[in-house]
Each structure stands twice: as structure tokens, then as C-alpha cells.
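In this text, residue positions in the sequence shown follow the UniProt record's numbering: the first is 1, and each later residue adds one.
Backbone N, C-alpha and C fix where the C-beta goes; we use that ideal spot for every residue, glycine too.
No experiment lies behind these values; they were computed from the predicted model shown.
What follows is a single structure, written as C-alpha cells, with notes after it.
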Amino acid sequence: MVSFWSGQNLGSLKYMLYGLLLGKATYSGLEEGFIVIDWCLHIVILFALRALLYTLWNSYSNMLWINRNSRIIQQGVDFKQIDNEWHWDNFMIVQAVIISLGLYKLPVALRDEIPVWDTRGLIAVIILHIVVSEPLYYLLHRCFHGSYLYSHYHSFHHSSPVPQPFTVGHVTLLEQLVISVVMGVPLVGSCVMGYGSVSMIYGYVLTFDFLRCLGHCNVEIVPHEIFEVLPLLRYLLYTPTYHSLHHTEIHTNYCLFMPLYDALGNTLNAKSWELQRTLSFNADINKNIPSFVFLAHVVDITSSIHAPFVFRSIASKPFAVKLILLPIWPIAFVHMILMWAKSKTFLISFYKLRGHLHQTWAVPRFGFHYFLSFASEGINNLIEAAILRADKLGVKVISLAALNKNEALNGGGMLFVEKHPDLKVRVVHGNTLTAAVILDEIDEDVTEVFLTGATSKLGRAIALYLCRRKVRVLMLTSAADRFLKIKKEAPVEFQKYLVQVTKYQAAKHCKTWIVGKWITPREQKWAPPGTHFHQFVVPPILAIRKDCTYGDLAAMRLPDDVQGLGSCEYTMDRGVVHACHAGGAVHYLEGWTHHEVGAIDVDRIDIVWEAALKHGFKPVSFNNTTPPKKC
Numbered sequence: 001m002v003s004f005w006s007g008q009n010l011g012s013l014k015y016m017l018y019g020l021l022l023g024k025a026t027y028s029g030l031e032e033g034f035i036v037i038d039w040c041l042h043i044v045i046l047f048a049l050r051a052l053l054y055t056l057w058n059s060y061s062n063m064l065w066i067n068r069n070s071r072i073i074q075q076g077v078d079f080k081q082i083d084n085e086w087h088w089d090n091f092m093i094v095q096a097v098i099i100s101l102g103l104y105k106l107p108v109a110l111r112d113e114i115p116v117w118d119t120r121g122l123i124a125v126i127i128l129h130i131v132v133s134e135p136l137y138y139l140l141h142r143c144f145h146g147s148y149l150y151s152h153y154h155s156f157h158h159s160s161p162v163p164q165p166f167t168v169g170h171v172t173l174l175e176q177l178v179i180s181v182v183m184g185v186p187l188v189g190s191c192v193m194g195y196g197s198v199s200m201i202y203g204y205v206l207t208f209d210f211l212r213c214l215g216h217c218n219v220e221i222v223p224h225e226i227f228e229v230l231p232l233l234r235y236l237l238y239t240p241t242y243h244s245l246h247h248t249e250i251h252t253n254y255c256l257f258m259p260l261y262d263a264l265g266n267t268l269n270a271k272s273w274e275l276q277r278t279l280s281f282n283a284d285i286n287k288n289i290p291s292f293v294f295l296a297h298v299v300d301i302t303s304s305i306h307a308p309f310v311f312r313s314i315a316s317k318p319f320a321v322k323l324i325l326l327p328i329w330p331i332a333f334v335h336m337i338l339m340w341a342k343s344k345t346f347l348i349s350f351y352k353l354r355g356h357l358h359q360t361w362a363v364p365r366f367g368f369h370y371f372l373s374f375a376s377e378g379i380n381n382l383i384e385a386a387i388l389r390a391d392k393l394g395v396k397v398i399s400l401a402a403l404n405k406n407e408a409l410n411g412g413g414m415l416f417v418e419k420h421p422d423l424k425v426r427v428v429h430g431n432t433l434t435a436a437v438i439l440d441e442i443d444e445d446v447t448e449v450f451l452t453g454a455t456s457k458l459g460r461a462i463a464l465y466l467c468r469r470k471v472r473v474l475m476l477t478s479a480a481d482r483f484l485k486i487k488k489e490a491p492v493e494f495q496k497y498l499v500q501v502t503k504y505q506a507a508k509h510c511k512t513w514i515v516g517k518w519i520t521p522r523e524q525k526w527a528p529p530g531t532h533f534h535q536f537v538v539p540p541i542l543a544i545r546k547d548c549t550y551g552d553l554a555a556m557r558l559p560d561d562v563q564g565l566g567s568c569e570y571t572m573d574r575g576v577v578h579a580c581h582a583g584g585a586v587h588y589l590e591g592w593t594h595h596e597v598g599a600i601d602v603d604r605i606d607i608v609w610e611a612a613l614k615h616g617f618k619p620v621s622f623n624n625t626t627p628p629k630k631c
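Written as C-alpha cells, this is what we have:
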């Protein structure tokens, strides 16, 4: 199958064409002694506007908190589709090359004579589109659904299971040339008749792209009432539902934008109108109730841009600061201020596991908000509202991310369970599995560890677990009362393995550090060469020691049968989620009916770990798949 063209292999170098056009426009301006907008610059401007149009449409398609109930195909866009559609803008480059070559052959006088506005041109381009482009596209499209052309060319476009605005450009070079002809006929025809204008070209091209995005957006946004008031309109303008049927039942609904030609060609899908009416009518009804919800939060302003509704491609890779994100930073900052003033949780991604819908909701608060004492009540109110909403919807389990279960904030979720004893949804902090992942990383031959954040929820559980394995735990804390309380929880015969230390110097001979509280580069210098830093601190510590190794945050790889996952969770690799996220999913899959809040039950660490492995979750650190040694 011809599934790509050579320009795709150039990567970012393919955009050099626009650099050449911009250079040519600049040179022309310098020659004239003033700024001149020639056709080279028009092509660059038009490309930028078209790219922005597709990007905005794609952002809307992935704003799940707005359109989740209006989605036509409920399946998520996975990594495979995103990678296949990575070079979606190739068709615009092809058309820019065609226009550039065409304009180069025209006399300069003819190019310069095109006015900015001509009403006759707008009328001419509409007539030519209806009379020529629509039937031409319909006939050619039906040809591409023939056995040879479909298997060698058009099946490439239909390989995207979920239509998205970027799917428009997921076609072969032959189809790009065909659509360029279909789009070009009204433009060239109007210019040949002497009615061409700059506004006509901009208007027609952007309208053409807008309507293609509309058909591929996978969200039914056309109200059914408009067709009941104007029945003939349904033959003049297609809807997202109409075009989605072409992707699911491929031998129907071939039209470009006007179903009239499907009606004339007897290829109109009989379900088109009724399905559109049903989807439009039920837009405000919650149809897809998730079984499990992970309640995340934003870490900082830059990471807030790492979402499918901003840049789908960037969100499909682990978070990293990229130059392309910097121009958007001011917008994200303003959005942060607006969220601080008035906000509520929103849905950012979803996937299916064992056939059940798992969603990620986000509390619109940034990491530093959690450390502002006056913000605590407001944050807890948002978390509580999300839990009550999940309970009302019928969600089975809701898992709290990192700072959303902060001990000082709400006691690891205990606040909400005590306040609402009749909750049907199970509230889970997921830290039991987080502790199991960290413990799994520690080699069985380790006899001594240095633990910071030792009296935290996770630190306590790790210390109590390790002392039962006869591992000496140097617990860094100045709170003697909290240390003694934890020590008394250990069996008497193992209490001697818990040792309180108050300075980092105490660990200068210990090569296994478990970091639960952020440590500075200066404090890291007390670690001997060859030390490995395990960590459960957010954000992760700086990896400055070249003679030491650093573990990642506790995480697990999702089972292989996950469907519809197309975004990375913060800095995690594809298909990897934080251990607390996985812990909530395991809680749901096991059907456990207890809340997992407050202190970690050390006796359940092995139980939760083995349940995770049973359901196909895999540890990622050290590629170690051996469960922790049982106490």
C-alpha cells in the first residue's frame, strides 16, 4: 500500500518551503523600499491560518469536559493513531507547492491585478463549488472505494478508527492531489472569469477547511432543531454524524459537504438523520459513566499545557519543556488566574480497561496552591465536589493523586469519608500500591536504608515493612514523638531495626536512600558513591550526582489490553501511570468495598501488589517483576 510520501521523511525540514517563500517576500519588500504583501507572503499567511484552524478544531474535539456526551464514536484516540497522523499537514505543503508553481508561470501583471474584494467572485466560487467541486469529489470518492484504489490508497485514510480534524490530512499523495484539484477548480474558474479576489481565495480555502474539520470532529454540534425548521438544509450541509457514518459504514455518505449528491447517487445512509437527531437530543445526558476516576492536579503552569486539548502530539509524549510551549505560557498563566477565581473539576482523558471506562479528572489547582494555607479549604471543597459528583454519577472508585491526598490537607482522604459516611463511591489514595512499588525496587540483600520523609504516610509504611524484613531503617526526623509512635507499631522483636537520625551525615555510609522529602544538592553530597536514590517525592529531586543513580517516581505499566489511551501522565512514558493511579484501578478491578484512606495498612501491601500483577500491571523500574518478599 502507498501509505506515505517522501516529504514525510523530512521531518521538520519540510517547513523550509515556507521559509523560502517568506524570504522571497522579504526580498521583494526590500527591493520596493517598503512592506509589500506579494503572493509568497499570502501563501505563508494562509498556511498559518489553516494550521491554526485545524489546531483549534482539534483542541475542541479533545475538550472532553465540554463535549463528552456529544461524542459520536466513544473510543479514545490512541498512540497508534496519533503517530500515524503525525504528518497531517503534508497536504497543505503539497498545495503550497502547487500554488507556488502555478503563480510562477503567471505573468507578474496578472498576479498583481487581483483585487482585494469582488462580490462577483464570491458568488462565482459558490456556484462553481456546488456545480463542479461537489459532484467531482463525489464521483472520485466513489472510485477510491473501488477494490484496487481502496486497498492501495484510500484504506490509509480509513485506518484512523476515530475521526479527528487532523485525520483530514491522513491521506496518500494521490488523494492530496485529487483534493487539491477539487478545491482549486472554483478558485481557478473564478479567476479565469475575471472575478478573482484576495478575499475570495482566503474565504473559500478557510471555509473549505472549516467544513472538513466539522465533518471529522467526532462531536455532534449541529442542533437537530435546525433541520426540523428547515428540512431542505439537511441536503445542503452535512453533519459530523453524517460523515462519521462514512468511516464506520464505508460504502455510504460519500459527499464532500452536501448530502444532496448522496441522495441523487442512492448512497445516503438511512440512519443519517435519526442518529444525528438522537445524538443532538441527548447531548446533555450522561451516557458514559466511568467505573473508575483518577483525580489528578496540575503541577505547574508549563505542565498544564501538556494536555490533549492543547497539542495532541505533545501530550502523547512524556512531559518536557519545549520551545513551542513558551508562547502559550502567558495564555496558561491567565487561565490559571481565571481558574483560581472560579473553577471546577474537568475531564482530560480516558481509556478502557477490561471493557470498563476509566477517566482522569483534574482539579484546576496548581502545585504551589497546595502549599498556601489560605487555599486549603477551597481545594478541599473542589475535591469534595468531585467525589460527590462521582458518587452521584455511579462511579465505583475514585483515586486521589499526589497532593489531592496530602496528609496535612485532608488526612489522605479521611476527611471526606468521615464527612460523608454514606458514600457509595470508594475513595482511594492508592498509596498502598505506591509503597509496594518502592519496596519492590529494593534488593533483597540490602541490610540498611536511609529514609527521608520518614514519618509521612508512605515513609511510615515503608519503615514498618522493611523492619519486618530485618532491614535497618535510618529514619530522618526531628520529631521524636512521631518516631516513637511509629516504632511502637512494629512488632517488639523488630523495633530495634528502626533508628532515629536527625542529620544527613548519619547516612554517609548507606548506599540505599529512600527519598520522601525533597533534598537539596548539598544534602545529596552526604551519600557515598554508588548510592541509589529511590524516591516518592513530588517534584522529583535533581539528579546531580554523576557517581549515583536515581530512580523514577513510583509507577506501573498499564495492562496490554488497555484501549484508547493517547496521552502520557506527566513525565511518565506511554502506557505508564503513577502507582497511586494504578492502585485505584486495582481497587476497582478487585471489587474491594472498603475505602483506602488515612494510614496505610502494612499488612495489605503484599495483597495489593499481587492483585496488581494478577491484573496485568507491570513494574517499570529496573525491569524487576519479582514481588516483594512476604513478611
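Local Cβ density within 10 Å of residue i, reported as buried at 16 or more and exposed below that
i: Glu85; result: buried
i: residue 644; result: For the chain, the structure presents residues 1 to 631; residue 644 sits outside this window and is missing.
i: Phe208; result: buried
i: Thr172; result: buried
i: Val425; result: buried
i: Asn431; result: buried
i: Ile35; result: With a pLDDT of 43 at Ile35, under the threshold of 50, the modelled position of that residue is not reliable, and the figure given next carries that caveat. Ile35 is exposed by the Cβ-count criterion.
i: residue 633; result: There is no way to answer for residue 633, as the model of the chain reaches only from 1 to 631.
i: Asp89; result: buried
i: Leu355; result: The residue asked about is misnamed: residue 355 is Gly in this sequence, not Leu. With fewer than 16 Cβ atoms within 10 Å of its Cβ, Gly355 is classed as exposed.
i: Glu175; result: buried
i: Asn404; result: buried
i: Val299; result: buried
i: Pro619; result: buried
Length of the line joining the Cα atoms of residue i and residue j
i: Ser303; j: Gly551; result: 21 Å
i: Cys548; j: Ile285; result: 54 Å
i: residue 637; j: Leu338; result: Since the first and last residues shown for the chain are 1 and 631, residue 637 lies out of range.
i: Val222; j: Pro540; result: 46 Å
i: Asn62; j: Leu245; result: 20 Å
i: Leu64; j: Met92; result: 28 Å
i: Glu215; j: Tyr238; result: Reading off the sequence shown, one finds Gly at residue 215, where the question assumed Glu. Approximately 7 Å, taken between the alpha carbons.
i: Ser456; j: His247; result: 52 Å
i: Arg460; j: Leu613; result: 24 Å
i: residue 635; j: Pro186; result: Nothing in the structure corresponds to residue 635, since the chain is present only between 1 and 631.
i: Ile442; j: Ala463; result: 12 Å
i: Ile544; j: Val515; result: 15 Å
i: Tyr137; j: Phe319; result: 41 Å
i: Val538; j: Thr55; result: 32 Å
i: Val198; j: Gly121; result: 10 Å
i: Arg482; j: Ala490; result: 13 Å
i: Phe346; j: Glu134; result: 40 Å
i: Tyr497; j: Ala480; result: 16 Å
i: Glu418; j: Gly598; result: 11 Å
i: Pro259; j: Lys352; result: 34 Å
i: Ile305; j: Val363; result: 14 Å
i: residue 638; j: Glu225; result: The structure shown does not extend to residue 638, since the chain is modelled only from 1 to 631, so the question has no answer here.
i: Pro163; j: Phe292; result: 26 Å
i: Arg472; j: Glu448; result: 5 Å
Contact belief for residue i with residue j at Cβ below 8 Å, rounded distance in angstroms
i: Phe257; j: Leu211; result: 5 Å
i: Trp474; j: Ala435; result: As written in the sequence, residue 474 is Leu, which differs from the Trp given in the question. About 18 Å; that fails the 8 Å criterion.
i: Phe536; j: Ile438; result: 6 Å
i: Ser316; j: Phe79; result: 6 Å
i: Ile289; j: Val395; result: 7 Å
i: Ala527; j: Trp513; result: 6 Å
i: Ile126; j: Thr241; result: Actually they do not touch by this definition, with Cβ atoms about 25 Å apart.
i: Glu596; j: His429; result: 6 Å
i: Ser190; j: Leu128; result: 7 Å
i: Ile301; j: Trp340; result: Contact doesn't hold; Cβ gap of about 12 Å is too wide.
i: Leu17; j: Val205; result: Actually they do not touch by this definition, with Cβ atoms about 17 Å apart.
Residue i CB to nearest heavy atom of the ligand PLP below 8 Å
i: Gly584; result: This structure simply doesn't include the ligand PLP, nor any ligand for that matter.
| Does the pairing of the region 576-583 with the region 396-405 give three or more beta-carbon distances under 8 Å? | With the cut-off at 8 Å, the region 576-583 and the region 396-405 touch.
| task | Determine, using beta-carbon pairs with one atom in the region 559-577 and one in the region 404-422, whether at least three such pairs fall under 8 Å. | result | Below 8 Å, too few C-beta pairs join the region 559-577 and the region 404-422 to call them touching: fewer than three.
| Whole runs of the alpha helix (DSSP H) within the region 377-416, excluding any shorter than 4 residues | Fully enclosed alpha helix (DSSP H) runs of no fewer than 4 residues occupy 407-410 of the region 377-416, in order along the chain.
| Segment contact flag, the region 371-385 with the region 586-595, C-beta cutoff 8 Å, min 3 pairs | Too few Cβ pairs lie closer than 8 Å, so no.
| query | Considering only residues of the region 302-360, which uninterrupted beta strand (DSSP E) runs meet the minimum length of 3 residues and lie entirely inside it, listed in chain order? | reply | As far as the region 302-360 is concerned, its whole beta strand (DSSP E) runs of at least 3 residues are 346-353.
| said: Which runs of the beta strand (DSSP E) at least 3 residues long sit entirely within the region 456-492? Give them in chain order. | reply: Taking 3 residues as the shortest admissible run, the region 456-492 contains the following complete beta strand (DSSP E) segments, listed from N- to C-terminal end: 472-476.
| message | For a minimum of 4 consecutive residues, which ranges assigned as the alpha helix (DSSP H) are wholly contained in the region 44-117? | response | Listed in chain order, they are 64-67, 79-84, 90-105 and 108-112.
| query | Curious, which full-length alpha helix (DSSP H) runs of at least 4 residues does the region 542-616 contain? | reply | The qualifying runs are 579-590 and 605-614.
| said: With three or more C-beta pairs closer than 8 Å as the rule, is the region 146-155 touching the region 217-237? | reply: Fewer than three pairs of CB atoms, one per stretch, sit closer than 8 Å, so the region 217-237 makes no contact with the region 146-155.
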